[in-house]
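*Asks:* Here it is, the structure, as C-alpha cells.
In our numbering, the protein residues as written are 24 to 689.
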C-alpha cells in the first residue's frame with residue numbers, strides 16, 4: 024500500500040505544479056493579489072506531496088519491500104540500514120525523486136521566507152519554478168516510475184553497487200543535488216525579472232542568499248565526492264577529470280562568478296544584464312549535467328547509464344528551458360540600463376576580470392567534457408580527453424585568477440589606486456617568494472608550475488589576512504579595540520576572508536599532492552618490506568574477515584620510520600556475493616604533512632592468494648589534507664556570509680512616499 028500512496032502523492036504534486044505554473048503568473052499580469060498569493064500555498068503543498076512520495080520510497084527500502092522494482096535492483100535484506108536508506112537515492116529513479124524534492128524545497132523556501140519580496144516578483148518566480156517541477160515530475164511519472172511493482176516478488180534484492188555503499192556517498196548526492204538543483208531558484212528569479220522587465224539592487228539582494236546557499240552545498244558535495252574517490256576507489260587520487268565530476272564542477276565555477284557578479288549589481292547597480300545571463304547559464308549547466316549523466320552517453324562509477332530514450336526526454340526539457348530563457352534574455356536584456364560607471368582599476372574592474380576568467384575556465388572544462396562525446400556521435404571515433412589536457416588548459420587560467428583575488432578586496436569601488444595597493448602588499452609579495460624558495464629547497468625538484476602555485480597560494484592567503492587585519496586595524500589600535508571592531512564587522516566580511524583563505528589553503532593541497540606524490544606498486548609476500556618517502560612498510564600477510572554483506576581479505580602493514588613504530592594499516596579487498604563485485608578499501612595514515620596511503624590490489628597471479636602473494640599499492644600524498652581543510656573553510660565562509668542579517672530573506676521593502684494631497688482652493 025505504501026508504494027501506491029507514494030505514486031498518488033506524485034500525481035497530486037504534478038497537478039499542483041501545473042496549477043502553480045499558470046495561476047500566479049496570470050495573477051501578476053492582471054494585478055490579482057489572490058491569484059499571486061496562491062503560489063505560496065501551492066509551493067508548500069507541492070513540497071508536502073513530494074515529501075510523502077520520497078518518504079514512501081525510503082520506507083520501501085528500509086523494510087526491504089521486494090515488490091518494488093527499484094528496491095529489488097538497488098537493495099538487499101543483509102545490507103546495513105544506513106545503506107538501505109542511501110539506496111533511496113542510489114538509482115536513477117530514486118535520485119530523480121530526490122532532485123524534484125529539493126526543487127520543491129527551494130520553491131517552498133522562497134514562499135515561506137521571502138516575505139519582503141514584492142508579490143508580483145514572487146508569484147512569477149514561483150511560477151517559473153513550477154515550470155521546471157512540471158517537466159521533471161512528468162518525466163518521473165511517465166518514464167522513471169520509482170514505485171513500479173514486481174510480480175511475483177523475488178526472495179531478495181540485487182544489492183546496491185558496492186562502491187556506493189559508503190558513508191561519504193550516503194551524504195554526497197543530497198549535498199550535490201541541493202547545490203546544483205538549488206540554482207534553479209536563482210534561474211527562476213532571473214526569468215521572472217526578465218518577464219517583469221526590471222533588475223535592480225533590491226533584486227540582487229533577494230537573489231544572493233539563495234545563490235550562496237546553493238553554492239555552499241555544491242562546494243560541500245564536490246569536496247565530499249572528491250574525498251570519497253580518494254579513499255574508496257583505491258587509486259590514490261582526489262580528482263580525475265571524470266565527465267561526471269566535471270558536470271558538477273562547471274556549475275560551481277559559474278555559480279562562483281554569479282555570486283561575485285550579484286555583489287556588484289547590489290552595491291553599484293552594475294552588471295545587471297551579465298548577472299541575469301550567469302543565473303541562466305549556471306542552471307543550464309546543471310540541466311546539461313543531468314542530461315549527460317542520465318542519457319546513456321557515458322559510463323561512470325557514479326553515472327546512471329539508462330535508456331537513451333529517457334535522455335531524449337531530458338534533452339527536450341533542456342531545449343525548452345535553455346532555449347526559452349535565452350530567447351527571453353535576448354529580447355529583454357538590451358533594454359536594461361547599464362548602471363553605475365567605474366574605472367578599469369576598481370573593485371568592479373577586478374570582479375569583472377574574476378568573472379571573465381571563471382567563464383573561460385568553465386568553457387575549457389565544457390569543451391574537454393563534450394568533445395569526446397561529439398566525436399563519438401558524429402565520427403564514430405572514441406577519443407579520451409584526460410588530465411593532461413585539463414591541467415595544461417585549466418591551471419594557467421586559474422592561477423592569474425588567484426593572484427587577482429588577493430588584490431580585489433583591497434581595491435575601492437568606482438576608482439582605485441593600484442600603486443597604493445601594491446605598496447601595502449610589498450611584504451606579502453616578499454614572503455610569497457620566500458615560501459616558494461623554501462619549498463624548492465626542501466623538495467629539491469619538481470615542476471616550475473608547482474612552485475608558482477605555492478607562491479600564488481601564499482600571496483592569496485597572506486593578502487587576505489592583511490586585508491582582514493586592515494579592516495579591524497590590528498596592530499594600529501589597542502588589541503581590545505581591534506577585537507571590538509572584529510566583533511562589529513559584518514559576518515559577510517568574515518565569510519569572504521574565510522572563503523578566500525580556504526581556497527588558498529586548498530591550492531597548497533592541490534600543488535603538494537600533485538607535484539611531489541610518491542607511488543610504488545609492488546608484488547609482496549609476508550615479511551616483504553617496501554621503502555617510500557622515508558617510511559618502511561612491512562607486509563605481514565592477509566586474513567579473511569566476514570562483513571555484514573561481504574567477505575574481505577584484510578592485509579596487515581606495519582609502518583616504521585628509522586626503526587621506530589609509526590602505525591599499522593589494514594587495507595582490504597572486499598567481495599560482495601550478491602552483486603558479484605569486488606571493491607578496494609584503502610588504509611590511510613593521515614597527518615598535515617601528508618598521507619601514507621595503501622591499497623591491496625588483486626592477487627599477483629592466479630592462485631597467488633593461497634600462497635600469500637599480493638599486489639600492493641603504496642603512495643605518499645604530501646599536503647593532501649589541506650584540500651579538505653580548504654574546502655571546509657570555503658563552506659564555513661559561505662555559512663558565515665549567509666548568516667549575515669543583511670542577507671536574511673532579502674532587502675527591505677522600499678518606503679513609499681505618500682502623494683501630497685491637493686489643498687482646497689481658497
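We put the CB at the ideal spot given by N, CA and C, even for glycine. Nothing here was measured: the structure is a model prediction, and the numbers come from that model.
Any chance you could list the beta strand (DSSP E) runs of at least 3 consecutive residues sitting entirely within the stretch 490-567, in chain order?
*Replies:* Fully contained in the stretch 490-567 are the following beta strand (DSSP E) runs of length 3 or more, in chain order: 541-547 and 552-555.
*Asks:* DSSP state of residue 603, grouped into three classes?
*Replies:* Three-state result, residue 603: coil.
*Asks:* I need the DSSP call for residue 598, collapsed to helix, strand or coil.
*Replies:* strand
*Asks:* Would residue 354 be called buried (16 or more neighbouring beta carbons within 10 Å of its own) or exposed?
*Replies:* exposed
*Asks:* Does the Cβ-Cβ distance between residue 508 and residue 431 come in under 8 Å?
*Replies:* By the CB criterion at 8 Å, residue 508 and residue 431 fall outside the cutoff.
*Asks:* Bridge partners of residue 608, per DSSP?
*Replies:* 595
*Asks:* When you compare only the Cα positions, how much space is there between residue 107 and residue 182?
*Replies:* Straight-line measurement puts the Cα of residue 182 at about 9 Å from the Cα of residue 107.
*Asks:* Kindly indicate which three-state DSSP category residue 571 falls into: helix, strand or coil?
*Replies:* coil
*Asks:* Taking 8 Å as the cut-off, does the stretch 48-66 touch the stretch 145-152 (at least 3 CB pairs, one atom from each stretch)?
*Replies:* yes
*Asks:* Which residues bound the beta strand (DSSP E) around residue 645?
*Replies:* 637-645
*Asks:* Which residues does DSSP list as the beta-bridge partners of residue 581?
*Replies:* 561 and 591
*Asks:* Spatial neighbours of residue 685 within its chain, please: CB distance less than 7 Å, with the 5 preceding and 5 following residues excluded, ordered by chain position.
*Replies:* Because the pLDDT at residue 685 is just 45, under 50, the model does not fix this residue reliably, and the value given afterwards should be weighed accordingly. Cβ neighbours of residue 685 beyond the five flanking positions: none.
*Asks:* Going by beta carbon distance, what residues of the same chain come within less than 7 Å of residue 336, once the five residues before and after it are set aside?
*Replies:* 162 and 166
*Asks:* Rounded to the nearest angstrom, what separates residue 476 and residue 463 at their Cα positions?
*Replies:* 12 Å
*Asks:* Return the residue from the list 227, 517 and 376 that minimises the CA-CA distance to residue 427.
*Replies:* Comparing C-alpha distances from residue 427 to each of 227, 517 and 376 shows the shortest one belongs to 376.
*Asks:* Three-state secondary structure (DSSP) at residue 173?
*Replies:* The answer is coil: DSSP assigns residue 173 none of H, G, I, E or B.
*Asks:* Hey, is the stretch 275-286 in contact with the stretch 295-305, meaning 3+ C-beta pairs nearer than 8 Å?
*Replies:* yes
*Asks:* Three-state secondary structure (DSSP) at residue 222?
*Replies:* Reduced to three states, the DSSP call for residue 222 is coil.
*Asks:* Going by the C-beta, is residue 285 closer than 7 Å to any heavy atom of the ligand COA?
*Replies:* The ligand COA is absent from the structure shown, which contains no ligand whatsoever.
*Asks:* Quick test of the definition: if touching needs 3 or more C-beta pairs under 8 Å, does the stretch 657-664 touch the stretch 508-522?
*Replies:* yes
*Asks:* Have a look at residue 25 and residue 223 and give me their C-alpha separation to the nearest angstrom.
*Replies:* 48 Å
*Asks:* In angstroms, rounded to a whole number, what distance separates the CA positions of residue 57 and residue 79?
*Replies:* 33 Å
*Asks:* State the beta-bridge partners of residue 91 as determined by DSSP.
*Replies:* 172
*Asks:* Going by DSSP, name the residue or residues bridged to residue 618.
*Replies:* Answer by DSSP bridge pairing, in chain order: 613 and 644.
*Asks:* Using the beta-carbon count (16 or more within 10 Å), is residue 614 buried or exposed?
*Replies:* exposed
*Asks:* For residue 520, which residues in the same chain have their Cβ closer than 8 Å to its Cβ, ignoring the five residues on either side in sequence?
*Replies:* 487, 488, 490, 491 and 660
*Asks:* Between which two residues does the alpha helix (DSSP H) harbouring residue 24 extend?
*Replies:* Counting along the chain, residue 24 falls outside any alpha helix (DSSP H), and DSSP gives it neither H nor E.
*Asks:* For residue 102, count neighbouring Cβ atoms within 10 angstroms of its own Cβ and tell me buried if that reaches 16, exposed if not.
*Replies:* buried
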